[in-house]
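According to this note's numbering, the stretch in the sequence shown is residues 30 to 166, in order.
Okay, so here's the structure we're looking at.
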Amino acid sequence: MDESAYKQLLEKARKELPEEVFKKSRFTVPSVESFIQGKKTIFSNFAKIIDYINRDKEHVLKFLSKELATSAVIESGKAVFIGKFSGTQIADKIKKYLKEFVICTECGKPDTHMQKENRVTFLKCAACGATRPVQNI
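Next comes the structure, spelled out in structure tokens:
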């Protein structure tokens, strides 16, 4: 195969890829805003972060509850955890959630969505098309 034919095939392949693959944007999640009120921790910008990462609030809350080993509820867009937790602890758990359920392991982009097939949940990337199974919470 000569070089010009190879370059033509390469160009054709590049045109088939979605535009998200070529975008160079940073994915920065808003910082966690939380405070302790009595024996509870209020995660005040929970709804904002959920909207930003485009995930189901119940799924994220269940993950955080399990990771922090406590119970939690959502009250008017805020997550309320039983127990005293620092903002750093919650931020670390959010980062862990992003790594497991949002960021594509192949291309590193956050353009993913969760899809359930036959009792198995998959993380499908809109940028590169990769699919991988994720753990149930």
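All C-beta atoms, glycine included, are put in the ideal place defined by N, C-alpha and C.
It should be emphasised that the depicted structure is a prediction, and the values quoted were computed from it without experimental measurement.
Close-in-space but distant-in-sequence residues of the same chain around A101 (CB under 8 Å, 5 per side omitted) = Result list for A101: L90, L93, S94, A108, V109, F110 and I111, in chain order.
ask   = Measuring CB to CB, does K125 end up less than 8 Å from E96?
value = A contact, by the Cβ cut-off of 8 Å.
task = Only counting runs of 3 or more residues, tell me where the beta strand (DSSP E) segments fall wholly within the segment 70 to 140, in order along the chain.
result = List check, beta strand (DSSP E) in window: 101 to 104 and 107 to 111.
ask   = On the premise that V131 lies in contact with T141, defined as a C-beta separation below 8 Å, what is that separation, rounded to the nearest angstrom?
value = A Cβ-Cβ distance of about 6 Å is found for the pair T141 and V131, placing them in contact under the 8 Å criterion.
message = Strictly by DSSP, which residues pair up with C154?
response = T141.
query = Which stretch, first to last residue, makes up the alpha helix (DSSP H) that contains R43?
reply = Counting along the chain, R43 sits inside the alpha helix (DSSP H) bounded by residues E32 to E45.
inquiry  = Residues in the same chain with beta-carbon distance under 7 Å from E135, minus the five sequence neighbours each way, listed in chain order, please.
reply    = Here the set comprises C154, C157 and A159.
inquiry  = Give me the DSSP bridge partner(s) of I65.
reply    = DSSP, once it has assigned bridges, lists T70 as partnering I65.
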